[in-house]
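These protein sequence lines are chains A and B, in that order.
Going by my numbering, the first residue of the first sequence is number 58, and it counts up by one from there.
Going by my numbering, the first residue of the second sequence is number 1330, and it counts up by one from there.
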Amino acid sequence: RKEVEQDPGPFNVPEGATVAFNCTYSNSASQSFFWYRQDCRKEPKLLMSVYSSGNEDGRFTAQLNRASQYISLLIRDSKLSDSATYLCVVNKPGTYKYIFGTGTRLKVLA
Amino acid sequence: SAVISQKPSRDICQRGTSLTIQCQVDSQVTMMFWYRQQPGQSLTLIATANQGSEATYESGFVIDKFPISRPNLTFSTLTVSNMSPEDSSIYLCSVDAGTSGLGNEQFFGPGTRLTVL
Chain A
58 RKEVEQDPGP
68 FNVPEGATVA
78 FNCTYSNSAS
88 QSFFWYRQDC
98 RKEPKLLMSV
108 YSSGNEDGRF
118 TAQLNRASQY
128 ISLLIRDSKL
138 SDSATYLCVV
148 NKPGTYKYIF
158 GTGTRLKVLA
Chain B
1330 SAVISQKPSR
1340 DICQRGTSLT
1350 IQCQVDSQVT
1360 MMFWYRQQPG
1370 QSLTLIATAN
1380 QGSEATYESG
1390 FVIDKFPISR
1400 PNLTFSTLTV
1410 SNMSPEDSSI
1420 YLCSVDAGTS
1430 GLGNEQFFGP
1440 GTRLTVL
């Protein structure tokens, strides 16, 4: 089993749609979780951290399910500018290191 | 968040040569990391750059191929030695943004796009 697994997509959705991505992780001791966004030919940028209680930032909602070892990202009212690759990132327990998923590609269509 | 710059932003090199990539941060940071992102792939950690000591390399990466320097808390270099076309990739430095403990977010430099002919 991969340490961090994501559906590579692409997810093609119309503007205004709601889309959700899941990411599973294998190490139950992981404590820190993040979603990063990466535009084509650019560096990854932090989108949001994922907290145990779930958190929301505008149109974006992140949730953590420890029992099933997955995190999710929900995007409401999709915009064309949301088109990007979304990377799931999980810490390696006991270290400063992070493990990156392969990313989920999102295309928002006009 | 930290502001991170990398030089060069891109380069095209001949096989057998070496390239040194610089990473500069606008504030002092304890943890700096070097990643590689091959075309269509996600990020793979090469090594953790430690100030005042040797870098810590991940499985599959060795110091002879990827020597790293970390002379102070704001700067690091990664050298890609004796390059081959398989080294064509984007090389990214990142910093741990936290002031204490584990589990902090990382911020990335803009990357160096390397093509080896």
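Idealized CB from N, CA, C, for every residue including glycine.
*How should Y82(A) be labelled, buried or exposed, when 16 other C-beta atoms within 10 angstroms of its C-beta is the threshold for buried?*
Residue mapping note: residue 82(A) aligns to position 25 of the first sequence, counting from 1. By the neighbour-count rule (16 or more Cβ atoms within 10 Å), Y82(A) is buried.
*Quick one: which chain A residues come within Cβ less than 9 angstroms of L1348(B)?*
As a first step, residue 1348(B) is located in the second sequence; it is residue number 19 there, counting from the start. Per Cβ cutoff of 9 angstroms: no residues; L1348(B) is ~18 angstroms from chain A at best.
*Interface flag, D1425(B) vs chain A, CB-CB below 8 angstroms*: Taking the first residue of the second sequence as 1, we reach residue 1425(B) at position 96. Yes, D1425(B) lies at the interface with chain A (some Cβ there is under 8 angstroms from its Cβ).
_Just checking G66(A) against the ligand MN - is the residue's beta carbon closer than 7 angstroms to any of the ligand's heavy atoms?_
As presented, the structure is devoid of all ligands, the ligand MN included, so that no description of it is given.
*What residues in the stretch 1373-1385 of chain B have a beta carbon less than 9 angstroms from any beta carbon of chain A?*
T1373, L1374 and T1377
_Amino acids of chain A, ordered along the chain, whose beta-carbon sits closer than 9 angstroms to that of P1439(B)_ = Taking the second sequence and counting its residues from 1, the one referred to as residue 1439(B) is at position 110. Residues of chain A passing the Cβ test: K99 and E100.
*asked:* Which residues in chain B have a C-beta closer than 7 angstroms to the C-beta of S106(A)? List them in chain order.
replied: What you label residue 106(A) is simply residue 49 of the first sequence in a count that begins at 1. Those are E1434, listed as they occur along chain B.
*If you measure beta-carbon to beta-carbon, which residues of the stretch 114-126 of chain A are closer than 8 angstroms to chain B?*
none
*Can you name the residues of chain A whose CB is closer than 8 angstroms to the CB of L1370(B)?*
Residue 1370(B) sits at position 41 when you count from the first residue of the second sequence. The question names Leu, but residue 1370(B) is Gln in the sequence shown. Result: T159.
*What residues of chain B sit near L130(A), judged by a beta carbon separation below 8 angstroms?*
Residue mapping note: residue 130(A) aligns to position 73 of the first sequence, counting from 1. Correct list: empty, because the minimum Cβ distance to chain B is about 15 angstroms.
*Measuring only between beta-carbons, confirm whether L1421(B) sits less than 8 angstroms from chain A.*
What you label residue 1421(B) is simply residue 92 of the second sequence in a count that begins at 1. Yes, L1421(B) lies at the interface with chain A (some Cβ there is under 8 angstroms from its Cβ).
*Between Q1335(B) and Q1357(B), is the Cβ-Cβ spacing less than 8 angstroms?*
By 1-based counting over the second sequence, the position of residue 1335(B) is 6. By 1-based counting over the second sequence, the position of residue 1357(B) is 28. Contact flag unset, no.
*asked:* Quick check on DSSP: helix, strand or coil for D139(A)?
replied: As a working note, residue 139(A) is residue 82 in the first sequence. Note: D139(A) maps to helix in three-state DSSP.
*Tell whether a beta-carbon distance below 8 angstroms holds between N79(A) and K164(A).*
Indexing the first sequence from 1 puts residue 79(A) at position 22. Indexing the first sequence from 1 puts residue 164(A) at position 107. No, the pair does not count as a contact, with Cβ atoms beyond the cut-off.
_chain A contact for M1412(B) (CB, 8 angstroms cutoff)_ = For the purposes of this step, residue 1412(B) is identified with residue 83 of the second sequence, where counting begins at 1. No - not a single Cβ of chain A is within 8 angstroms of the one on M1412(B).
*Please state if the CB of R1344(B) and the CB of L1446(B) are separated by a distance shorter than 8 angstroms.*
Here residue 1446(B) refers to the residue found at position 117 when the second sequence is read from its first residue. Here residue 1344(B) refers to the residue found at position 15 when the second sequence is read from its first residue. Yes, these two residues count as a Cβ contact at 8 angstroms.
_I want to know whether the stretch 88-97 of chain A touches the stretch 147-155 of chain A - three or more CB-CB distances under 8 angstroms._
yes
*asked:* Does chain A have any CB closer than 8 angstroms to the CB of M1361(B)?
replied: Counting from 1 along the second sequence, the entry for residue 1361(B) is found at position 32. No, because no Cβ of chain A sits closer than 8 angstroms to the Cβ of M1361(B).
*asked:* Would F91(A) pass as an interface residue toward chain B - the criterion being a Cβ-Cβ separation below 8 angstroms?
replied: Looking up residue 91(A) in the first sequence gives position 34. True, the Cβ-Cβ gap to chain B drops below 8 angstroms.
*Taking 8 angstroms as the cut-off, decide whether the C-beta atoms of D1393(B) and S1410(B) are in contact.*
Residue mapping note: residue 1393(B) aligns to position 64 of the second sequence, counting from 1. Residue mapping note: residue 1410(B) aligns to position 81 of the second sequence, counting from 1. Result yes, Cβ atoms of D1393(B) and S1410(B) sit closer than 8 angstroms.
_Element boundaries [beta strand (DSSP E), containing M1360(B)]_ = Within the second sequence, the letter at position 31 stands for residue 1360(B). Looking at the DSSP string, M1360(B) is not in any beta strand (DSSP E), and its letter there is neither H nor E.
*Would you identify the three-state DSSP class for P1368(B), choosing helix, strand or coil?*
In the second sequence, the residue the question calls residue 1368(B) occupies position 39. In the structure shown, P1368(B) sits in coil (DSSP, three-state: anything other than H, G, I, E or B).
_Contact criterion: CB-CB distance below 8 angstroms. Does Y155(A) meet it with respect to chain B?_
For the purposes of this step, residue 155(A) is identified with residue 98 of the first sequence, where counting begins at 1. So yes, Y155(A) belongs to the interface.
*At least one CB of chain B closer than 8 angstroms to the CB of L144(A): is that the case?*
Start at 1 with the first residue of the first sequence, and residue 144(A) comes out as number 87. Output row for L144(A): interface = yes.
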